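Taking it in order: structure first as C-alpha cells, then the write-up.
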Amino acid sequence: MTTDSGFGITDEALGTLVRGHYILSDGERLDDYYSLTCNLDGRAVGFIAHSLEPDAVRGMLPRLRHVFDQHEALHRLAVEAIVNEFSEEAPSRGEVIDALRDLVLESVEVFPDNHVVLGLTDSCGLHFMDGYWPAVRFNGDDGVVEVTVES
Numbered sequence: 010m011t012t013d014s015g016f017g018i019t020d021e022a023l024g025t026l027v028r029g030h031y032i033l034s035d036g037e038r039l040d041d042y043y044s045l046t047c048n049l050d051g052r053a054v055g056f057i058a059h060s061l062e063p064d065a066v067r068g069m070l071p072r073l074r075h076v077f078d079q080h081e082a083l084h085r086l087a088v089e090a091i092v093n094e095f096s097e098e099a100p101s102r103g104e105v106i107d108a109l110r111d112l113v114l115e116s117v118e119v120f121p122d123n124h125v126v127l128g129l130t131d132s133c134g135l136h137f138m139d140g141y142w143p144a145v146r147f148n149g150d151d152g153v154v155e156v157t158v159e160s
C-alpha cells in the first residue's frame, strides 16, 4: 500500500486523507481509497475511506469522525462480537476483559453506504494464528453485521 500526498482531502478534526493504492503481485495498480493515520490511545490506526471520488469521501467524513470519537465504544462492541462468535459457550467477563486488552484496533474502513469495518490485531498472538486477524463490520447505526477472520 502506498499513498500520494498530492491528492489530499483535509478534515479539521482528523487531518488530511491522501489517495492510496495497492500494487498487485502482477504489477497491476489498484486505486480505491483515501486514507490517513490517527493516533488513538497511543497507537497508530489507519482510517480508510473506500472511494476515489473526492465528493464521496467528503460525504464519508461525518462517519469517519463519528468512529474516531466513538472508537472506544465501537472497539468494545467489536471485541464482544468476536468473543461471542468464537466461543462455544457464553464468555466470562474475564474473557471479554482479556480480549479487550489483547485485540487492539488496527484499522477503520468506511464505505459509501456508511458501513464500517474495524480491523483488529491480536497483540499477544494467543487468540488468532499468525497472519490472521479479526474484522467486524458495522452498519450505519453501529450495529454489528458480520464478524470475519482476514488473512
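Residues 10 to 160, numbered by the numbering used here, are exactly what the sequence shown covers, in order. All C-beta atoms in this analysis are idealised placements derived from N, C-alpha and C, irrespective of residue type, glycine included. Small disclaimer: the values here were computed from a predicted structure and weren't measured.
Under three-state DSSP, which class holds residue i?
i, result
"N48", "strand"
"H80", "helix"
"H75", "helix"
"P143", "strand"
"A99", "coil"
"G134", "coil"
"A58", "strand"
"G152", "coil"
"L23", "coil"
"D182", "Given a span of 10 to 160 for the chain in the structure shown, any question on residue 182 remains unanswerable."
"D107", "helix"
From residue i to residue j, what distance separates their C-alpha atoms?
i, j, result
"V113", "F120", "21 Å"
"R38", "A108", "36 Å"
"Q79", "D35", "39 Å"
"D139", "H59", "26 Å"
"E98", "G134", "22 Å"
"V66", "A87", "24 Å"
"P100", "D64", "43 Å"
"M69", "E62", "11 Å"
"G17", "Y42", "11 Å"
"A22", "G149", "20 Å"
"F56", "A82", "17 Å"
"E118", "R52", "16 Å"
"L49", "F77", "8 Å"
"L26", "I32", "19 Å"
"F175", "D111", "This structure cannot settle anything about residue 175, because the visible part of the chain is limited to 10 through 160."
"D40", "D20", "21 Å"
"S132", "T46", "19 Å"
Going by the beta-carbon positions, is the gap between residue i and residue j smaller than 7 Å?
i, j, result
"I91", "V156", "yes"
"N123", "R72", "yes"
"G128", "S116", "yes"
"F95", "V125", "no"
"G24", "S44", "no"
"V154", "Y141", "no"
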